[in-house]
Every structure is written in C-alpha cells, then in structure tokens.
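Residue 329 in my numbering sits at position 329 of the sequence shown, and the numbers go up by one each step.
Glycine is no exception: its CB is placed at the ideal position from the N, C-alpha and C atoms.
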Amino acid sequence: MRWFGLFLVVVGGLLSFFMASKMWMQHAMISTAVPVDAMVNESRVEEFRGSKGRKRYRPLVAFTYVMDGQTYESRRITALDMSRGGRRNANEIVGKFPAGVPAKVMVSRDFPSKGFLDATYLDTPYTLLMVGVSVLAIGVGVFMLSERKRDPAPVDGATPALWLLPVGVSLTTRWMTMLVGGVVWLVVLLAVGGHYVTMVGFSNAQVAFDIFAALCITLAVAAIARGVWVLFISRIFDEPRVMIDAVRPIRGQKLLVVVEQPAKRHAAIDAMDVTLVCTESITTGSGKSKRVKTREAWSELHSVLENAQQDASGDRTVVRGAVWFEPPTSTMPTSAPGEWEMQYDWKLRLRSHAKGPDYQAVWTVVVD
Numbered sequence: 001m002r003w004f005g006l007f008l009v010v011v012g013g014l015l016s017f018f019m020a021s022k023m024w025m026q027h028a029m030i031s032t033a034v035p036v037d038a039m040v041n042e043s044r045v046e047e048f049r050g051s052k053g054r055k056r057y058r059p060l061v062a063f064t065y066v067m068d069g070q071t072y073e074s075r076r077i078t079a080l081d082m083s084r085g086g087r088r089n090a091n092e093i094v095g096k097f098p099a100g101v102p103a104k105v106m107v108s109r110d111f112p113s114k115g116f117l118d119a120t121y122l123d124t125p126y127t128l129l130m131v132g133v134s135v136l137a138i139g140v141g142v143f144m145l146s147e148r149k150r151d152p153a154p155v156d157g158a159t160p161a162l163w164l165l166p167v168g169v170s171l172t173t174r175w176m177t178m179l180v181g182g183v184v185w186l187v188v189l190l191a192v193g194g195h196y197v198t199m200v201g202f203s204n205a206q207v208a209f210d211i212f213a214a215l216c217i218t219l220a221v222a223a224i225a226r227g228v229w230v231l232f233i234s235r236i237f238d239e240p241r242v243m244i245d246a247v248r249p250i251r252g253q254k255l256l257v258v259v260e261q262p263a264k265r266h267a268a269i270d271a272m273d274v275t276l277v278c279t280e281s282i283t284t285g286s287g288k289s290k291r292v293k294t295r296e297a298w299s300e301l302h303s304v305l306e307n308a309q310q311d312a313s314g315d316r317t318v319v320r321g322a323v324w325f326e327p328p329t330s331t332m333p334t335s336a337p338g339e340w341e342m343q344y345d346w347k348l349r350l351r352s353h354a355k356g357p358d359y360q361a362v363w364t365v366v367v368d
C-alpha cells in the first residue's frame, strides 16, 4: 500500500502542478488582456475522431491582428484554447465570427502571439487542479497510514521470553496525518474554488466544477472529522504494548499474548479483548480470468480483563493481561474448483473500551 500511496502522490503532484500552471496562465492572459481589432481569415467547424472513434466537432477560427507594430495570427477561442461543447456550440462560435469580417479580440502584452476571442474563465484547470490536489492528499494519507513491516523485538528481562510486536501506525501519526493534512487539503480546495467563483460568479460556475468541488471538499472534511475522532481517542488511550512468546508461532501450538494497555487516569477500561484472525485468499484462474476470493477462515477472541492487573502511576493507569491462543493445524477451504493458489494472513486485533470511543489496533503475525 505504501507504493500505491507513493504512486498517487506522484500522479496527484504532477496533475496539480500542470493544472496550477494552466490556471495561472489563464488568469494572467485574461487579467492583462486588452481589446484589439482583428480580421477573421477562416471560420469553420472542424470534424475529427475522438479517442473512442466517435465524431467530435470543434470551432476553427483563424484571425490576424497587430500588436505593438507586429502582425500575429492566432486560432485561440479562449485563453487556454480548450474548446468544449459539441457541434451546436461549435456552430454558435463560428456564427459569431464569420470569415472576412473584422472582430474584436483580446490580447495580453505579456503574451502577444496568443490572442483569443472569448475572455471567459474555463473551469477545466480549476476542476482538474482540485482533483489533482485530492489525489495528492489521498496518496499522502495512504503512504503515511500504511502499516510498516518490521520484525518483533525481544523484550529485555521478560520471563518467559517475549517479543514486542511493532506498532504499525501510531495514534499521533494517524490524527496528525488526517487532521493537519485534511485542513491543508481543505484550505487549498477553498482557495482554488474561491478564485474560480470570484472570477466567473457563483451562478455562472459550471456543473462539472460544482460536482467535483463538492466531492473533493466532502472528502477533505471527512478526513478532518476522522482526525478529530482519533485525536479524541489519543486523549483517552496511549499506545499499547502487545507481546507474544514466539517470533513465528506454529500451528497447533499454544501462543501466549501479553497486552499492556495504558490509559489516562480518569479513563476506566471496562472492556478489552484480543482476537487472532486468519484470513484466507484463494486465487483461481490466470490472466484476465484471474479471481481472488477472500474469507475469514478462522478467528478466536479472548477477553484480557478476566485475569488482568491494573497499575496506577502518575496520570496513567496500565491494564496488563495475558491470553492463550492455539492456531489450528489446518484451515483448508471447503471447496475451490479448478487450479488455485492459497495464501494465509494472520492478524491480532485489539479493542479497548472506556467511557468514550473504542481504541482499535491491528498487528500482523507470521504463523508457520
């Protein structure tokens, strides 16, 4: 998942950079443009084939004009020369600018060779910039919140010998990524959307922009809300320590799991359980007919509080308990027709409850 997150970061970053430059160019050309007399030399509707082979239409209007004593020729309809609409829209534009008729065009002195006919702000760079920023933000979230694969570390002085399972993603990393990242994400979206609405007016905003803006802003707000939720949990619980008595547990042999759950002094933990889960993935077929079916092949839940000890120190209370699991020797599927490959993934799930939201965490365990 970390590589997928990195891929989203690269794609979102490139799209955001490209669209931000387009947005800046459009604003610079329109805001500094002045009307100039021009002569329309050619005006027609051009037919072409789209990427899916369908007929598409676009207006082709060629005109010449003089800027600072130099003659230029341009075919730009808008500042970014991104034609939109179908045949009807193309006919309307061509009808407004017939060949052989003088016309007023807009030209920026900073871009004298890029004269254009329509000074309307296109929503395309704004919409795609918001999409790019959202893909970038999601990629950062996936990268930061993906579990880091690390080996268990031996616990010094533990009797019997115990190995500490590494925390995949800490509470601090989780709430900071979602809350801080979500706020930055939302601010950028509001800045981009606000600029577009300011330029064209709220009532003139395109439907596509409205839809994508609403979707992206909703995702950002959801990330912020989730970050606030995790921050609230971190004010009740601290990171637990989960230890096992075998680096690589063996099927059919008992596995000791020791849990230490710190909580704030005011939080009374009234429920804490650990579940060992085996997930089975069956791959059938190959190539385009390849299918992967996943099911929970086996699970076992134990309450930690039954034989737990509670130690109060300073402003924290630590609940410490131990449970035993016995992974089954076989979790073969009941049916898997044809050729198939099978993979098992084992995880430990911890759920701790006090007055408020539950703390939940997952650790990967390698079982032989």
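Bounding residues of the beta strand (DSSP E) (the contiguous stretch that carries His27): In the sequence shown, the residue the question calls residue 27 occupies position 27. Per DSSP, His27 belongs to no beta strand (DSSP E); it is in the alpha helix (DSSP H), 2–31.
Using 8 Å as the threshold, is the region 51–65 in touch with the region 23–31, meaning 3 or more CB pairs across them? no
For Val343, which residues in the same chain have their Cβ closer than 7 Å to its Cβ, ignoring the five residues on either side in sequence? Within the sequence shown, residue 343 is the residue found at index 343, counting from 1. Residue 343 is actually Gln in this sequence, not Val. Same-chain partners within the cutoff: Ser281.
Expressed to the nearest angstrom, what Euclidean distance is found between the alpha-carbon atoms of Val188 and Pro166? Looking up residue 188 in the sequence shown gives position 188. Looking up residue 166 in the sequence shown gives position 166. Answer to the nearest angstrom: the Cα atoms are 35 Å apart.
Would you check if there are 3 or more beta carbon pairs closer than 8 Å linking the region 137–155 to the region 191–205? no
May I ask you to verify whether the region 128–146 touches the region 91–111, counting CB pairs closer than 8 Å and requiring at least 3? no
Could you tell me which of Asp368, Leu305, Val319 sits nearest to Thr329, measuring between CA atoms? Within the sequence shown, the letter at position 329 stands for residue 329. The option with the nearest alpha carbon to Thr329 is Asp368.
Minimum C-alpha distance to Gly252 - residue among Lys114, His266, Phe325: The residue given as residue 252 occupies position 252 in the sequence shown. If we check each option's Cα against that of Gly252, Phe325 comes out closest.
Tell me which residues share the same chain as Gly227 and place their Cβ nearer than 6 Å to its Cβ, disregarding the 5 neighbours each side in the sequence. Walking along the sequence shown from the start, residue 227 turns up at place 227. The residues are Trp175, Met178, Leu179, Gly182.
Residues of its chain near Ala90, where Cβ-Cβ distance is below 7 Å and the 5 sequence neighbours each way are ignored: Within the sequence shown, numbered from 1, the residue matching residue 90 stands at position 90. For Ala90, where only same-chain residues beyond five positions count, the Cβ hits under 7 Å are Val45, Tyr57, Arg58, Pro59.
Distance, Val292 Cα to Ser335 Cα: Reading the sequence shown from its first residue, position 335 is the one you call residue 335. Reading the sequence shown from its first residue, position 292 is the one you call residue 292. With a pLDDT of 49 at Ser335, under the threshold of 50, the predicted position of this residue should be treated as unreliable, though the coordinate-derived value follows. Between Ser335 and Val292, the C-alpha separation is close to 14 Å.
Compute the Euclidean distance between the alpha carbons of Met199 and Val66, then round it to the nearest angstrom. Here residue 199 is taken as the residue at index 199 of the sequence shown, counted from 1. Here residue 66 is taken as the residue at index 66 of the sequence shown, counted from 1. Using only the alpha carbons, I get a separation of about 28 Å.
Euclidean distance between Cα positions of Ile236 and Ser313: Stepping through the sequence shown from its first residue, residue 236 is reached at position 236. Stepping through the sequence shown from its first residue, residue 313 is reached at position 313. Approximately 15 Å, taken between the alpha carbons.
Indicate whether the contact test is met: 3 or more Cβ pairs, each with one atom in the region 237–247 and one in the region 214–225, closer than 8 Å. no
Leu372 burial status per 10 Å Cβ neighbour count (16 or more: buried): Missing from the structure shown is residue 372; the chain here goes from 1 to 368 and no further.
Where the beta strand (DSSP E) through Phe232 begins and ends: Taking the first residue of the sequence shown as 1, we reach residue 232 at position 232. Note, Phe232: premise wrong, no beta strand (DSSP E); alpha helix (DSSP H) at 207–234.
Apply the 10 Å Cβ neighbour rule to Leu8 and answer buried if 16 or more other Cβ atoms are within range, or exposed otherwise. On the sequence shown, residue 8 is found 8 positions in, with the first residue counted as 1. With 16 or more other Cβ atoms from the protein chains shown falling within 10 Å of its own Cβ, Leu8 counts as buried.
Name, in chain order, the residues that DSSP records as bridge partners for Phe111. Counting from 1 along the sequence shown, the entry for residue 111 is found at position 111. Answer is Ser108, bridged to Phe111.
My guess is that Leu255 and Pro327 are in contact by the Cβ rule of under 8 Å, so how many angstroms apart are they, rounded? As a working mapping, residue 255 is identified with position 255 in the sequence shown. As a working mapping, residue 327 is identified with position 327 in the sequence shown. At roughly 7 Å, the Cβ-Cβ gap stays under 8 Å, so Leu255 and Pro327 are in contact.
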